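One structure below.
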Amino acid sequence: MESNNTTQIKTILEAALLTSPSPLSLDDLLRLFSERVERTTLRMLLDEIKQDWQARKPNSMELVQVASGWRFQALAELAPFLSRLNPERPQRYSRAAMETLAIIAYRQPVTRGDIEELRGVAVNPNTIRQLQERDWIDVVGQRDVPGRPSLYATTKTFLDDLNLKSLADLPVMEVFVEQPFSESDAFIETGSETVAQVDFIDNSDASAN
Amino acid sequence: MESNNTTQIKTILEAALLTSPSPLSLDDLLRLFSERVERTTLRMLLDEIKQDWQARKPNSMELVQVASGWRFQALAELAPFLSRLNPERPQRYSRAAMETLAIIAYRQPVTRGDIEELRGVAVNPNTIRQLQERDWIDVVGQRDVPGRPSLYATTKTFLDDLNLKSLADLPVMEVFVEQPFSESDAFIETGSETVAQVDFIDNSDASAN
Amino acid sequence: MNTLITEVKAHTEPRLHGEAITSLPHDLYIPPDALEVYLETFEGPLDLLLYLIRKHNLDILDIPMAELTRQYMGYVEKMQAIKLELAADYLLMSAMLIEIKSRMLLPKPAEVESEDDPRAELVRRLMEYEAIKLAAQKLDELPQVGLDLMVANAYFEQIIQVQSAQVSMEDLLAAWQNVLKRASHFAHHKVGKAELSVREHMSQILRKLKEHNMMEFSALFDVENEGIPKLVVCFLAILELAREGLVKITQQEAFTPIYLHINQST
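Protein chains in written order, with the working numbering: chain A, 1 to 209; chain B, 210 to 418; chain C, 419 to 684.
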């Protein structure tokens, strides 16, 4: 009779611990039985459950005591498998981060001030840090103006990760082209860097004004 | 070697199912093994695990299959104890909400207008929102009529939460056999009663008009 | 048809008049304090009608409209008296009931009467509603996760494999396009491969200078391995760096080595 009762208590404890998303304290566990079981009994039975599961072969879970109480957890060696179930979703960069990256890629080397001027809004330091931690941008110098702001440029890792050989392989972006299309077609066809350089200088001068 | 491998797969499956807060589909479970286990093998091993736990004495949990996959749940007879632990249990719904839910479940997909027509009263927007927030219903489209009203249907979570594998497992809806009025046997049996009522009402009718 | 006959009969034989007044709505009476709570338990006019039908053991397929309408109106009046908000739905139903009742009192051509029962639509709705009402009760009786079912939810140590954001060239281009669109002073500016080459070299030169502090001008050119175009780009990059004040170019005197160093004078 008594052992029957003990078995039932153990079954309830086990079910409670396997279904609880957070560790259960002795007080929680007492509530299961409307406080009609002794704390010492509970503690003893928890030890028994722990040993039962340790003796189980093959076994998947263990009962452990952590700061806030008792919990069942998957054996550590299974964690690598279980972690495959919920791979961290690949993050997406925010629009702000993407634009910052684009400005650094296309206009490097640039300071934070340059980025802010282009985007018209303040740059979140986290955005820069995020890109630096990914090793996509780094500081290549300081501009010689008061405050000596850092100059950012893209790294080799950035090119590797985007499968580019050089920045010249970045998609060409022509906005508000003044020239008729035929001329820009010619530009693409020649692909000659020298021809393009001349274009560049003219334009960058204009933009710098 | 092979049996060792099978044992390990079962152990990983068990750990995954005991630690996952939501049911795991076969696809989920395949991910545990980077898709290197056959679906049929998995299905067979799941059945084995189910039987292992059924044979376990004493036992606390059972492996069940619901709409979105497999899960372990505490044996029903333990629920009264376990529910003492959880003060924030999901609410029971009002009759209005349950009727709305029943209409969506049995007549899906339906618009709010359909629900109102069936219940004869306006639908409280909170009821719909409540059910949507619980992820029991969602919008599956718009009916192609003026105003393009949303069409609601029940979700897999709804089936999971009611321990059902598919809509076919819903309690059977009692359908009334519609008989032509003049041929109604029931009428003939209760005929005299009806006469009396009608006679007596008819007068009060006059007074009500 | 039988009902029609009885209705008509009742109408033409008002012999139970006196009795009607005394034996009125016996089960319409509810203690006044309980009335509001009671009326609020109805989920609408159909629910109330169903209640009346079940209460009086009426045949749903052969509803005595006069009785039902009268009883129904009695409740609606009570609801109005205590200003229950549902009145509109209930009033609509009152109108419908009265309409059905009056249509039933009209004489009809004998040959169509069986298909044309004015109650048919009401009966269909009542039956459909009752079916749903019962289904709702059964749904409510099903065990629910969290109430009657506790699902396993033990702990495991999640090994987080952070996946970095995926960025495609298209994403980057789109972002750049956005920037350019917003930056109006960029109008007429053209960005091409060449600019990028120069800018890339600017970064590379800065990187080298950062490493070595100072470099001889000629050391920045790999004359042996680079073609003319690259050398020109490199030169342009140096000029651009100087123009932007990022590097200083110094020479002690004519024909001595030219040095580049990062501009650190402040």
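For glycine and all other residues, C-beta sits at the position ideal for the given N, C-alpha and C. Since the structure is predicted, the reported quantities are computational estimates derived from the model, not experimental observations.
When the Cα atoms are used, what is the spatial distance from B/Gln263 to B/Asp237? What you label residue 263 of chain B is simply residue 54 of the second sequence in a count that begins at 1. What you label residue 237 of chain B is simply residue 28 of the second sequence in a count that begins at 1. Going from the Cα of B/Gln263 to the Cα of B/Asp237 covers about 24 Å.
Name, please, each residue of chain B whose Cβ falls closer than 7 Å to the Cβ of C/Lys556. By 1-based counting over the third sequence, the position of residue 556 of chain C is 138. Neighbours of C/Lys556 on chain B, chain order: Pro380.
Alpha-carbon to alpha-carbon, A/Tyr93 and A/Tyr152: Mapped onto the first sequence, residue 152 of chain A falls at position 152. Mapped onto the first sequence, residue 93 of chain A falls at position 93. Rounded to the nearest angstrom, the two C-alpha atoms are 18 Å apart.
Please return the same chain residues whose Cβ sits closer than 7 Å to the Cβ of B/Asn418, not counting the five positions on each side in sequence. Walking along the second sequence from the start, residue 418 of chain B turns up at place 209. The predicted model places B/Asn418 with a pLDDT of 34, which falls under 50 and marks its position as unreliable; any figure quoted below should be read in that light. Non-local beta-carbon contacts of B/Asn418 in its own chain, meaning distances under 7 Å to residues more than five positions away in sequence, are absent.
Within this structure, are the beta carbons of B/Ala285 and C/Leu567 separated by less than 9 Å? Numbered from 1 along the second sequence, position 76 holds the residue referred to as residue 285 of chain B. Numbered from 1 along the third sequence, position 149 holds the residue referred to as residue 567 of chain C. Yes.
Residue closest to B/Gln341, alpha-carbon to alpha-carbon, out of B/Arg357, B/Ile313, B/Pro355, B/Arg352: Looking up residue 341 of chain B in the second sequence gives position 132. Of the candidates B/Arg357, B/Ile313, B/Pro355, B/Arg352, the one whose C-alpha sits nearest the C-alpha of B/Gln341 is B/Ile313.
Which value, in whole angstroms, describes the spacing of the CA atoms of C/Lys666 and B/Arg240? The residue labelled residue 666 of chain C in the question sits at position 248 within the third sequence. The residue labelled residue 240 of chain B in the question sits at position 31 within the second sequence. Between C/Lys666 and B/Arg240, the C-alpha separation is close to 58 Å.
Tell me the rounded alpha-carbon separation between A/Ser34 and C/Gly564. Counting from 1 along the first sequence, the entry for residue 34 of chain A is found at position 34. Counting from 1 along the third sequence, the entry for residue 564 of chain C is found at position 146. Using only the alpha carbons, I get a separation of about 19 Å.
Restricting to Cα atoms, I'd like to know which of B/Gly356, B/Lys259, B/Gln300, B/Ile337 is closest to B/Val348. Along the second sequence, one-based indexing puts residue 348 of chain B at 139. When only C-alpha atoms are compared, the closest one is B/Ile337.
Please confirm whether A/Met61 has its beta-carbon closer than 9 Å to some beta-carbon of chain B. The residue labelled residue 61 of chain A in the question sits at position 61 within the first sequence. So, interface residue.
Run through DSSP, which three-state label would C/Ser520 get? On the third sequence, residue 520 of chain C is found 102 positions in, with the first residue counted as 1. C/Ser520: helix per DSSP, three-state reduction.
Helix, strand or coil: which one does DSSP assign to B/Met307? By one-based count along the second sequence, residue 307 of chain B stands at place 98. Residue state, collapsed to three classes: helix.
Partner residues on chain A for B/Leu227, Cβ-Cβ distance less than 8 Å: Taking the first residue of the second sequence as position 1, residue 227 of chain B is located at position 18. Within 8 Å Cβ-Cβ: Leu18, Ser60, Met61, Phe72, Ala74.
Would C/Leu524 be called buried (16 or more neighbouring beta carbons within 10 Å of its own) or exposed? For the purposes of this step, residue 524 of chain C is identified with residue 106 of the third sequence, where counting begins at 1. When all chains shown are included, C/Leu524 counts as exposed.
Mind checking the region 236–256 of chain B against chain A and listing, in chain order, the residues whose C-beta falls within less than 8 Å of any C-beta there? Asp237, Arg240, Leu241, Phe242, Ser243
Run down chain C in chain order and give the residues with a C-beta less than 7 Å from the C-beta of B/Glu383. Looking up residue 383 of chain B in the second sequence gives position 174. Within 7 Å Cβ-Cβ: Ala549, Leu552.
Which ranges does the alpha helix (DSSP H) cover as unbroken runs of at least 4 residues, wholly within the region 227–288 of chain B, from first to last along the chain? 235–241, 248–264
C/Leu479 vs C/Val569 beta-carbon contact at 9 Å: As a first step, residue 479 of chain C must be located in the third sequence, where it is residue number 61. As a first step, residue 569 of chain C must be located in the third sequence, where it is residue number 151. Going by C-beta atoms, C/Leu479 is not nearer than 9 Å to C/Val569.
Comparing alpha-carbon positions, which option in C/Leu515, C/Val616, C/Glu559, C/Met633 lies nearest C/Arg543? Here residue 543 of chain C corresponds to residue number 125 of the third sequence, with the count starting at 1. Nearest of C/Leu515, C/Val616, C/Glu559, C/Met633 to C/Arg543, Cα basis: C/Leu515.
Please go through the region 631–675 of chain C and give each complete beta strand (DSSP E) segment of 3 or more residues, from N-terminal end onward. 632–634, 665–669
By how many angstroms is the C-alpha of A/Lys165 removed from the C-alpha of A/Phe176? Along the first sequence, read from residue 1 onward, the residue named residue 176 of chain A stands at position 176. Along the first sequence, read from residue 1 onward, the residue named residue 165 of chain A stands at position 165. Reliability of the predicted coordinates at A/Phe176 is poor, the pLDDT of 42 falling under 50, and no value is obtained from them.
Going by CA-CA distance only, name the one from A/Arg112, A/Ser22, A/Leu118 that's closest to C/Phe574. Within the third sequence, the letter at position 156 stands for residue 574 of chain C. Checked all of A/Arg112, A/Ser22, A/Leu118; the closest Cα to C/Phe574 is A/Ser22.
What are the boundary residues of the alpha helix (DSSP H) that includes C/Asp558? Locating residue 558 of chain C in the third sequence gives position 140, where the first residue counts as 1. For C/Asp558, the enclosing alpha helix (DSSP H) stretches over residues 538–559.
Report the three-state DSSP secondary structure of C/His474 (helix, strand or coil). Start at 1 with the first residue of the third sequence, and residue 474 of chain C comes out as number 56. In the structure shown, C/His474 sits in coil (DSSP, three-state: anything other than H, G, I, E or B).
If you drop the 5 nearest sequence neighbours on each side, which residues of the same chain put their C-beta closer than 8 Å to that of A/Asn124? The residue you call residue 124 of chain A lines up with position 124 of the first sequence. So the qualifying residues of the chain are Ala96.
What does C/Asn475 touch in chain A if you count any residue whose Cβ is under 9 Å from its own? Translated into the one-based positions of the third sequence, residue 475 of chain C becomes position 57. Going along chain A, no residue has its Cβ under 9 Å from C/Asn475, so there is no contact; the nearest lies around 46 Å.
Between B/Pro299 and chain A, is any beta-carbon pair separated by less than 9 Å? Your numbering for residue 299 of chain B matches position 90 in the second sequence. Chain A, which has no Cβ nearer than 9 Å to the Cβ of B/Pro299, makes this no.
Three-state secondary structure assigned by DSSP to B/Gly322: In the second sequence, counting from the first residue as 1, residue 322 of chain B sits at position 113. Helix.
Using CA coordinates, which residue listed in A/Ile137, A/Asp161, A/Ala122 is at the minimum distance from C/Ser621? For the purposes of this step, residue 621 of chain C is taken as residue 203 along the third sequence, with counting starting at 1. Residue A/Ile137 is the option with its Cα nearest to C/Ser621.
Does the separation of the CB atoms of C/Phe635 and C/Ile676 fall below 9 Å? Taking the third sequence and counting its residues from 1, one reaches residue 635 of chain C at position 217. Taking the third sequence and counting its residues from 1, one reaches residue 676 of chain C at position 258. A contact, by the Cβ cut-off of 9 Å.
Do you know offhand how far C/Glu458's Cα is from B/Asn335's? Taking the third sequence and counting its residues from 1, the one referred to as residue 458 of chain C is at position 40. Taking the second sequence and counting its residues from 1, the one referred to as residue 335 of chain B is at position 126. Their backbone Cα atoms lie some 18 Å apart in a straight line.
Listed by chain order, chain B residues near C/Gly645 by CB distance under 7 Å: Along the third sequence, read from residue 1 onward, the residue named residue 645 of chain C stands at position 227. Under a criterion of Cβ atoms nearer than 7 Å, no residue of chain B is adjacent to C/Gly645; the nearest Cβ is some 47 Å distant.
Rounded to the nearest angstrom, how far is the Cβ of C/Leu627 from that of A/Gly141, given a contact under 8 Å? Along the third sequence, one-based indexing puts residue 627 of chain C at 209. Along the first sequence, one-based indexing puts residue 141 of chain A at 141. Their Cβ separation, rounded to whole angstroms, is 7 Å, which keeps C/Leu627 and A/Gly141 in contact under 8 Å.
Quick check on B/Arg352 - is its C-beta less than 9 Å from some C-beta in chain C? Position 143 of the second sequence, counting from 1, holds the residue named residue 352 of chain B. Not closer than 9 Å to any Cβ of chain C, the Cβ of B/Arg352 fails to qualify, so no.
Would you give the residue range spanned by the beta strand (DSSP E) that A/Ala153 belongs to? Against the first sequence, residue 153 of chain A aligns to sequence position 153. Segment 150–154, the beta strand (DSSP E) holding A/Ala153.
According to DSSP, is C/Gly492 part of a helix, a strand, or is it coil? Working through the third sequence from its first residue, we reach residue 492 of chain C at position 74. DSSP places C/Gly492 in helix when its eight states are reduced to three.
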